Amino acid sequence: MNEQQEIAQLREELERANYEYYVLDQPTMSDFAFDRKLRRLEELEAAHPELATPDSPTRRVGGKAAEGFEEVVHRMPLESLQDVFSLEELEEFDQRVRESVEGAVYDVEPKVDGLSVALEYENGVFVRGATRGDGRVGEDVTENLRTIRSIPMRLPEALPRLIVRGEVFMPRSVFARLNEERELRGQPLFANPRNAAAGSLRQLDPKIAAQRRLDILVFNIQYVEGKTFTEHVETLDYLKSQRFRVIPHTICGSIAQCGGRIRAIGDGREEFDFDIDGAVIKVNSLSDRETLGSTAKFPRWAAAYKYPPEQKPSRVLDIVVQVGRTGVLTPKAVVEPVRLAGTTVTNATLHNQDFITEKDVRVGDTVLVQKAGEIIPEIVSVLKERRPEGTTPYFLPGRCPVCGSPVVRDEDGAALRCTGAECPAQLLRHLVHFASRDAMDIEGLGPAAVENLVSAGLLKAPGDLYHLRAEDVEPLDRMGKKSAENLIAAIDKSRQNDLSRLLFAFGIRQVGQKAAQVLARQFGSLDALAEAGAEALTAVPDIGAITAESLTAWFRDPQSRHLIETLKEAGVNMESRAQPVGDQLAGLTFVLTGELTAFTRKEAGERIQALGGKVSGSVSKKTSYVVAGESAGSKLRKAQELGVPVLDETAFQALLEGKRQG
Ligand code: AMP
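In the numbering used here, the protein residues as written are 856 to 1517.
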């Protein structure tokens, strides 16, 4: 076999393995064999660039990032669907159909809540994929679609042209994992799988799209050359034979049967690994579809049934509080079990204290529970007339239910957050932050490694890091001798970090990187900082009352003191190496204007602050000096009017240096 043949064979084997794994859910090739074959194919393609093709399985990991997306004019418009909201409206739809065609038979399918795309094949090869856009013009997202393993890159039958429509979605399980990772990294969360799928499909970097593990269900042939069909289900069967992942579908002979099927889809929605926002009912006969035609917006032969949000009364048995990985306290109502939208509901989210207060939800109340599209049920209202005697308003606890540390309200929202430095609920996040680049900068200790160590039971608090031994770490997944040794060395090195890094690594609320630097320089050691009262803290430039309060509360908490002790014992440096702040310019306020030559405005400001002076943006009688560089304007005039002393650049430098000597 020559290399060209080997390439062809590897591609066929890998694509078949993809199909078995992602579409049929019946893998026959081991991950190991798959990876080895893929590596071999990559090598061969690298050695023979002339034999590389875009439909190769090697392209599924994501190619080069794009600048933007090209527009694609759809050959057949991607129409939208008319909505029906009740069984009566469904019957009316059926009536309208029957006015034009006889004996209509329908196909009923779940309506996947994702993003509509068109996939185009030329001679059996995937050549282009586009989003729906406005239905007429969409965006070319071919490279991102290649990363979706359930989209075949080459079809068993090479028709001259085939355009298939489907819905791209993010499986719920993937969505949950993605948001968990984002939370750990402090990135904003996606609101729902649909948004996450949209964000991923429109990623300019296909490598990121590839990591998102999107999936697709196809439900229509938009256009075909070289083949004719008479029924919709026949097209779906054909698509299945061509290795597509096809929407689940059921043929129904009457509209009553459709209603039953629609209800069954709604009741069984929890079993799908994708969100649905309804069910679609479609005329099965393709010639009937032609007779019925389309309005300007949608086909007359199909309708989308939207499930009404189901609501039922239930009683609040208890209110429990959970602590998330970021320390946010989330209250949940435990309710008497009720059946809603196909599942038994036993609890409902209460969001936060503001929500509870606004609705005045109390233990013992009868409430209306609703389940709409989302997975977590919510409380719509309290049936006050059914409130028993003796209930009291509910307030979230002032201390964390997991670790007992005080909780604080987020400065920018309604969330309450635990401040415990060693709170077990937040352990992962604390460790990830502790090790991150701007904090202790421990190489090799990213979110995955932290999770690995925590689930192996090796870390219970940040202090445990400094007791890890290479031989404990080595047996872990994806570790090995070399990386274990490197990790321990990186942890060891972090013992020498400057105090400013350690201070930032503690993750004290309000104490970001900048504040940590200022504080470390000002106080010189962690002990001195811990002893500083609110007054000494607020005297530091840039440190306000809220930060000071957050710091003193943090140092007061026994958990923080325990953490500091363990780190001290482990030999972690707690001193600052930065130049202490001078006080030569203390009490003086400077205004900078015009252009300086020796430093930028920012640098000049920093020099002043380093010597204890303040910088202000506007001139007043209280201004001590105006520093005027080249082409100074109105501020200089104002200084002259008010009699404020003006320094040129040379005099300013002399002041900085002169004072320093003196
Ligand atoms: P709408 O946007 O509400 O008008 O609904 C039309 C959208 O539903 C289309 O963009 C389709 O992509 C999507 N959809 C999801 N599942 C299906 C399905 N099984 N059949 C037809 N359309 C579907």
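Ideal Cβ placement from N, Cα and C applies to all residues, glycine included.
All values derive from a computational prediction rather than experimental measurement.
{"query": "Cβ-based neighbour list, P1192, same chain, cut-off 6 angstroms, excluding 5 preceding and 5 following", "result": "T1199, T1201"}
{"query": "Supposed contact pair V1482 and L1440 - C-beta distance, whole angstroms, cut 8 angstroms", "result": "With 8 angstroms as the limit, L1440 and V1482 do not qualify as a contact, their Cβ atoms being about 12 angstroms apart."}
{"query": "Span of the alpha helix (DSSP H), counted from its first residue to its last, around L1320", "result": "No alpha helix (DSSP H) contains L1320, which DSSP labels as neither H nor E."}
{"query": "Check: P1396 C-beta below 8 angstroms from any heavy atom of the ligand AMP", "result": "no"}
{"query": "Closer than 8 angstroms: L1039 CB and nearest the ligand AMP heavy atom", "result": "no"}
{"query": "Any non-hydrogen atom of the ligand AMP within 8 angstroms of V1088 CB", "result": "no"}
{"query": "Check whether E977 and G984 have beta carbons under 9 angstroms apart", "result": "no"}
{"query": "V996 beta carbon near the ligand AMP (any heavy atom closer than 8 angstroms)", "result": "no"}
{"query": "Bridge partner(s) assigned by DSSP for A1157", "result": "K1137"}
{"query": "P1186, DSSP secondary structure in three states", "result": "strand"}
{"query": "Spatial distance of V939 from E957 (CA atoms)", "result": "22 angstroms"}
{"query": "Close Cβ partners of I1297 (< 6 angstroms) along its chain, the five nearest in sequence each way excluded", "result": "A1290, A1345, I1346, S1349"}
{"query": "Under the three-state DSSP convention, the category P1261 falls into", "result": "strand"}
{"query": "Beta carbon of P912 nearer than 9 angstroms to that of M1008", "result": "yes"}
{"query": "For the ligand ADP, residues whose Cβ lies under 6 angstroms from any non-hydrogen atom", "result": "The ligand ADP is absent from the structure shown, which contains only the ligand AMP."}
{"query": "Check whether G1251 and V1328 have beta carbons under 9 angstroms apart", "result": "First, the amino acid is wrong: residue 1251 is Leu here, not Gly. Contact flag unset, no."}
{"query": "Which listed residue (L1313, R1242, H1288, A1311) has its alpha carbon closest to that of G1301", "result": "H1288"}
{"query": "Residue environment, R1124, which counts as buried when at least 16 other CB atoms sit within 10 Å", "result": "buried"}
{"query": "Same chain, Cβ closer than 6 angstroms to C1572, five either side skipped, listed in chain order", "result": "Summary: the structure shown does not reach residue 1572, with the chain confined to residues 856 through 1517, and so no result is reported for it."}
{"query": "DSSP bridge partner residues for K1167 (one or two, in chain order)", "result": "V1224"}
{"query": "Proximity below 9 angstroms, CB of D848 to CB of N1047", "result": "The displayed coordinates of the chain run from 856 to 1517. Any statement about residue 848 would go beyond what the structure contains."}
{"query": "T1204 in three-state terms, based on DSSP", "result": "strand"}
{"query": "Between the CA atoms of V1499 and K1469 - distance to the nearest angstrom", "result": "16 angstroms"}
{"query": "Integer Cβ distance of E1430 from L1354, believed to fall under 8 angstroms", "result": "6 angstroms"}
{"query": "Separation of D1332 from S1338, as counted between CA atoms", "result": "11 angstroms"}
{"query": "In chain order, each beta strand (DSSP E) run of at least 3 residues that lies wholly inside the stretch 1037-1080", "result": "1070-1080"}
{"query": "Backbone CA spacing between T1146 and V980 [nearest angstrom]", "result": "32 angstroms"}
{"query": "C-alpha distance - S1165 paired with L1069, whole-angstrom precision", "result": "According to the sequence provided, residue 1165 is Glu. The question's Ser does not apply to it. E1165 and L1069: Cα-Cα distance of roughly 29 angstroms."}
{"query": "Burial state of K1152, where buried means 16 or more other Cβ atoms lie within 10 Å", "result": "exposed"}
{"query": "Bounding residues of the beta strand (DSSP E) (the contiguous stretch that carries L841)", "result": "The chain is shown only over 856 to 1517; residue 841 falls outside these bounds and no answer can be derived."}
{"query": "Burial state of V928 (16 or more Cβ within 10 Å)", "result": "exposed"}
{"query": "Cα-Cα separation between R1049 and P904, rounded to whole angstroms", "result": "38 angstroms"}
{"query": "Inter-residue spacing [alpha-carbon to alpha-carbon] between L1443 and L1510", "result": "12 angstroms"}
{"query": "C-beta atoms of V1237 and I1174 nearer than 9 angstroms", "result": "no"}
{"query": "Cβ separation of P1113 and L945, assumed to be a contact under 8 angstroms, to the nearest whole Å", "result": "First, the residue type needs correcting, since residue 1113 is Cys and not Pro in the sequence shown. About 7 angstroms; that satisfies the 8 angstroms criterion."}
{"query": "Residue burial classification, R1004 (beta-carbon count within 10 angstroms, cutoff 16)", "result": "buried"}
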